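Novice: Protein chains in written order, with this note's numbering: chain G, 1 to 318; chain R, 1001 to 1263; chain E, 2001 to 2425.
Backbone N, C-alpha and C define an ideal beta-carbon position, used for all residues, glycine too.
Predicted, not measured: the structure shown is a model, and the values here were computed from it.
Below: one structure in structure tokens.
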Amino acid sequence: MEPSVDLTLRHARRSTQIKELAIQSILIASSLVAILTTIGIVASLAFEAFRFFEKIPLTDFLFGLEWSPQMAIRKDQVGSSGAFGVIPLLTGTLLISFIAMLVATPLGLLSAVYLAEYARPKTRAIIKPLLELLAGIPTVVYGFFAALVVAPIIRAGGSGVGFEISSESALAAGLVMGIMLVPFISSLSDDVINAVPQALRDASLGMGATPAETITKVVLPAATPGIMGSLLLAISRAIGETMIVVMAAGLAAKLSLNPIEAVTTMTVQIVTLLTGDQEFDSAKTLAAFAIALFLFILTLGLNVIALKIVDKYKKQYD
Amino acid sequence: MDIQMQNAAVVKPPIMSTKNVDVFYGKKQAIDNVSLDIPENQITALIGPSGCGKSTYLRCLNRMNDTISICKVTGDIRFAGQDIHDKKVDVVALRARIGMVFQKANPFPKSIFENVAYGPRIHDLADNKDHLKDIVITSLKRAGLYDEVSDRLDESGTGLSGGQQQRLCIARAIAVDPQVILMDEPCSALDPIATAVIEDLMEQMREKYTIVTVTHSMAQAARISQKTAFFHLGTLVEVGATEKIFTNPEDQRTQNYISGKIG
Amino acid sequence: MTEYALTTSPSLKRRHAKEARFKWCGRIAIMIALGFLVLMFSAIIFRGMGAFQQTKISLEVTFSELIIDPSSARDPQELARANYKPVLTAALAKTFPNVTDRNGKKRLYKLLSSGAVFEMGKLVSDNPDLIGTSQTIWLSASSEVDLFMKGKIDASLDENLRRLSDADIAYIKTLKSGGMIKKKFNTAFFTNGDSREPEMAGILGAALGSFFSLLVCFGIAFPLGIMTAVYLEEYARKSKLTDLIEVNINNLAAVPSIVFGLLGLSIFLGVFHIPRSTPLVGGMVLALMTLPTIIIAARASLRSVPHSIRQAAYGLGASKTQTTFHHVVPLAMPGMLTGTILGMAQALGETAPLLMIGMVAFIVDIPHGVTDAATSLPVQIFLWADSPEKGFVERTSAAIIVLLMFLILMNLLAVFLRKKLERRW
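Okay, structure coming up:
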């Protein structure tokens, strides 16, 4: 009789197959959490925002120039309607983000260029983690520092040259936020600059350009798309940043581009509307969701564009 | 022809001469005691198996190795009689005199015009816009590219074919008006037709420039160069008139290499 | 031979000067950023160090049974709540026999923290044997006295402009000359919950709140993150679904943190009715926030496991799951853990989303589990920073120092893990 070797392993294979299938299903299910989260965000924001727009017309929200959500709690109080124009919040947000980027862009880019092109490996190994330390500090700490140290300094400096600067100002919040964004921009730009092929540097240096000329005329122009992407990501960060502005920017919803005045932002208003005494279903509470939806769309848009640009850029030099 | 050439070499002193050049990457020695003269208005080919140090040696000639922090070059390297490692020598001025073309065509991601205009701009060679345009066109003509791109100077240099890109890089190097052009395997990434175009071009350029080229193709060295230096394991094994090296080499290693036994 | 000028010409000199300037711009940019870091750290340490000490006043207290425990029941709860004010006033009167008027006595009592009675209560309920004896004990001074002792109240100022009167300062001087007032290590700061009185306020409640939140966050985000990463790297073929998941992860990583808070508010609180203000809901929100960080790190770690390991396992007849979970995942674990710790550090510092789910309330009690109402360290910092009481400034800074210590520890742990365990392929 021929010895038979069973190559089918019939019984074992069945149970293994079921196990494999079960595990794979669990894995797929957990991956879906990421999608569920996004759906959860969109659904919850959109649902509440929709209820808000039932009370306040969308156009009043998007184009309204006045923000004063102090709706009367009792019906007989005057001014029971409140004003829910998002424009003053948007200008406040953009003003602070602009100041922050004004600080962060040159500091971040120059640091990145120095680290990528000039610093010796040893210096780089020390400086880079130190810069990244700035990114690891909780924003509440920045906010505390902005309110306690930076704002008084700005105020003192202002009164020294005859300016009346309020204790909460777009300038203080923006400056501190700018520093917070430096490591963000520098590490992203560092990656981008390092992705520029060495061959381009060699070509430029090989014909007698100085390193600075090589960087400003060849490396940076070649890295521009990637740098733009990282700046967009930083702007999106600035727009969504909450604690620094809550602690240092103020609550006054003024339609102003004056950096030494107190301004308010979208995130500050969400926090103010949803902390403290709140009643569900009031336009005031629901307004927070409408702002958040607006904020979410804004930052998502910026991120999608930024990631596309960076992606395309990285493929270019792969 | 051969004799004429030898005579010319005798009459004219070499434009570059190197003596006892050593190169270290950290602790590893990449070049060991190389002495070599580069005759003016000739093509000198550096050949040898990969990793033999020929590219490293080439990069010593315009101090490109300075850009690598762990790389240390010693020895006497002279250009037109001046020690290029002298403290008074400005590496920027040196590289303007000794240009370089690389293995892989590396045009800047700018327009064709801007690629060629880059050198004249940084060195401030043009008096005005028209002069700059003159320089660009002349350089493109000398690189044999002008006729192909004259109608699209403002298009990106990276959109050209491989051979065209390499000629653009040559035009870019020429635009600074160097005396010597170092070429590091300029044809290794090109197809045979594009290679032939570049080889013709090099032959024409010889009238005005001195060329040192690294090549891994012995046939190319034999076709285009007047002088050939064979490198092996960081040392210069043998140097001489190209014909002699390929027909009657003195060293066994050279013999082995050109007959395909090593490399 | 032609001469070629290789030396520095005037125009080259200008270019080199430009080069040097450019290089300095880079250095200065780094110096500004790091200078800010130093300024911020030193300002916070300078302000915060004081909070690790608390002024205490020594009093000879007679623990009279008649006042403390007239029923002699020795019930610890009753003892903790007994009326200690007369005991303390009597002790003060013994120390300051000259002060006889009502107003003066009132002022004397105000030198002590209003929390001093609680300190008495705790002392007596822990040691009922004290009743009937006389002891010299150290009690917390009020915030004003504390600030004065730390040099933060200027005695040269006009009396109306400062929080302590001349008489108060005279009392303090008397205590000082008798060695009865001293700054001692502030244990209460590490063992108490929040309080309206700066001198009684501590971070234990907030720290435990953070701990429980992180526990929940880790329990959710770590397994989910790893399983997602394993699926995307080891199992999934490129498809529309995996593309969608990837896009989602990348975008979630950049969604403002406050938006996650709103998600928690309307879904976790509004739909699932998870108890408000608890570390449970806080941890859930933080988990969703840190998930992308963990997934991205875990994927990178899986990708760095060489293919040969997988092929070796398959070659021995291991199934996909066996290969993945017996060989690949263990090898990738150090990298995954490093990423997770960094994600947890980020979650520890997060404030905004927790404000949205009610973890911002004034909570005195110390939480004992994930369903007790709590705040977290960063929220406590926010609350104290907002407080008008001057005594809270140093406590805010001290809480920041503690928070930063935790963050530094976590980062060091991550670096350590990476260095010690990560294999270089």
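#1: Can you list, in chain order, the residues of its chain whose CB lies under 6 Å from that of residue 106(G), leaving out five sequence neighbours each side?
#2: Please determine, among 198(G), 233(G) and 129(G), the residue with the shortest C-alpha to C-alpha distance to residue 1107(R).
#3: So with Cβ pairs under 7 Å, would you call residue 1125(R) a contact of chain E?
#4: What number of angstroms, rounded off, separates the C-alpha of residue 1247(R) from the C-alpha of residue 1192(R)?
#5: Taking any Cβ of chain R, which residues in the segment 188-205 of chain G have a Cβ under 8 Å from it, in chain order?
#6: Would you kindly report the start and end of the unbroken beta strand (DSSP E) that includes residue 2364(E)?
#7: Within the 7 Å Cβ cut-off, does residue 1082(R) reach chain E?
#8: Residues of chain G with CB under 9 Å from residue 1079(R), in chain order?
#9: According to DSSP, is residue 1071(R) part of a helix, a strand, or is it coil?
#10: Can we say the segment 2270-2289 of chain E touches the segment 2371-2383 of chain E, given the rule of at least three CB pairs closer than 8 Å?
#11: If you drop the 5 nearest sequence neighbours on each side, which residues of the same chain put their C-beta closer than 7 Å to that of residue 1020(R)?
#12: With H, G and I counted as helix, E and B as strand and the rest as coil, what does DSSP make of residue 1261(R)?
#13: If I measure Cβ to Cβ from residue 1003(R) and keep anything under 7 Å in the same chain, skipping five residues before and after, which residues do I get?
#14: Is the CB of residue 1024(R) under 7 Å away from at least one CB in chain G?
#15: Between residue 1160(R) and chain G, is the shortest Cβ-Cβ distance under 7 Å, so that the two count as touching?
#16: Check whether the Cβ of residue 1109(R) lies closer than 7 Å to any Cβ atom in chain G.
#17: Classify residue 299(G) as buried or exposed, calling it buried when 16 or more other Cβ atoms lie within 10 Å of its own Cβ.
#18: Using a cut-off of 8 Å between C-beta atoms, extract the partners of residue 2021(E) located in chain R.
#19: Does DSSP put residue 2273(E) in a helix, a strand or coil?
#20: Could you name the residues of chain G that residue 2026(E) contacts, counting a contact when the two beta carbons are closer than 7 Å?
#21: Residues in the segment 2032-2047 of chain E with C-beta within 8 Å of chain R's C-beta atoms, listed in sequence order?
#22: Run the CB neighbour count on residue 309(G), radius 10 Å, all protein chains shown included, and call it buried at 16 or more, exposed below.
#23: Expressed to the nearest angstrom, what Euclidean distance is found between the alpha-carbon atoms of residue 91(G) and residue 155(G)?
#24: Please return the same chain residues whose Cβ sits closer than 8 Å to the Cβ of residue 119(G), not counting the five positions on each side in sequence.
#25: Quick one: grab the DSSP three-state call for residue 2243(E).
#26: What are the residues of the segment 141-174 of chain G that lie near chain R, defined by any Cβ-Cβ distance shorter than 8 Å?
#27: Terminal residues of the continuous beta strand (DSSP E) containing residue 1227(R)?
#28: Cβ of residue 75(G) less than 7 Å from any chain E Cβ?
#29: With burial defined as no fewer than 16 other Cβ atoms inside 10 Å of the residue's Cβ, what is the status of residue 311(G): buried or exposed?
#30: What does the alpha-carbon distance come out to for the pair residue 1016(R) and residue 1242(R)?
#31: Between the C-alpha atoms of residue 141(G) and residue 2082(E), what's the straight-line distance to the nearest angstrom?
#32: Hey, is residue 1180(R)'s beta-carbon within less than 7 Å of any beta-carbon in chain E?
#33: Shorter than 6 Å, the distance from the beta carbon of residue 2123(E) to the closest heavy atom of the ligand SAM, or not?
#34: Would you call the CB atoms of residue 2385(E) and residue 144(G) closer than 7 Å?
#35: Using a Cβ-Cβ distance under 7 Å, would residue 1268(R) count as near chain G?
#36: So, is the C-beta of residue 1054(R) closer than 7 Å to a C-beta in chain E?
Specialist: Short version:
#1: Cβ within range, chain order: n/a, list empty.
#2: Checked all of 198(G), 233(G) and 129(G); the closest Cα to residue 1107(R) is 198(G).
#3: Judged by the 7 Å Cβ criterion, residue 1125(R) is not in contact with chain E.
#4: Approximately 24 Å, taken between the alpha carbons.
#5: Listed in sequence order: 197, 199, 200, 201, 202, 203, 204 and 205.
#6: Here residue 2364(E) belongs to no beta strand (DSSP E), and DSSP marks it neither H nor E.
#7: Yes - at least one Cβ of chain E is within 7 Å of the one on residue 1082(R).
#8: For the C-beta of residue 1079(R), not a single chain G residue is nearer than 9 Å; the gap to the nearest is close to 13 Å.
#9: Correct three-state label for residue 1071(R): strand.
#10: Yes, they touch.
#11: Counting only Cβ-Cβ distances below 7 Å, and skipping sequence neighbours, we find 1033, 1035, 1075 and 1076.
#12: Looking at residue 1261(R) - three-state DSSP - the assignment turns out to be coil, as it is neither helix nor strand.
#13: Model confidence at residue 1003(R) stands at a pLDDT of 46, short of 50, so the residue's coordinates are unreliable and nothing is read from them.
#14: Not closer than 7 Å to any Cβ of chain G, the Cβ of residue 1024(R) fails to qualify, so no.
#15: It does not; no Cβ of chain G falls within 7 Å.
#16: Judged by the 7 Å Cβ criterion, residue 1109(R) is in contact with chain G.
#17: Residue 299(G) should be labelled buried.
#18: Neighbours of residue 2021(E) in chain R, taken as residues whose beta carbon is under 8 Å from its own, are absent, since the nearest beta carbon is some 16 Å off.
#19: In this structure, residue 2273(E) counts as coil in the three-state DSSP scheme.
#20: Here the neighbours are 110, 111, 113, 114 and 118.
#21: Cβ contacts with chain R: none found.
#22: Classification for residue 309(G): buried.
#23: Between residue 91(G) and residue 155(G), the alpha-carbon positions lie close to 22 Å from each other.
#24: The answer, listed in chain order, is 127.
#25: Here residue 2243(E) sits in helix by DSSP.
#26: From the segment 141-174 of chain G, no residue has a Cβ closer than 8 Å to chain R.
#27: Boundaries of the beta strand (DSSP E) harbouring residue 1227(R): 1227-1232, taken from the DSSP string.
#28: Below a pLDDT of 50, predicted positions are generally treated as unreliable, and residue 75(G), at 49, falls in that range; the measurement from the model is reported next regardless. So no, residue 75(G) is outside the interface.
#29: Around the beta carbon of residue 311(G), a 10 Å sphere encloses fewer than 16 other beta carbons of the protein chains shown; the residue is thus reported as exposed.
#30: Looking at the two C-alpha atoms, the distance is approximately 18 Å.
#31: Straight-line Cα distance between these residues: approximately 40 Å.
#32: No, because no Cβ of chain E sits closer than 7 Å to the Cβ of residue 1180(R).
#33: As far as ligands go, the structure on display features none, and thus does not contain the ligand SAM.
#34: Contact: yes.
#35: An answer regarding residue 1268(R) cannot be provided, because it is not within the stretch 1001 to 1263 covered by chain R.
#36: Judged by the 7 Å Cβ criterion, residue 1054(R) is not in contact with chain E.
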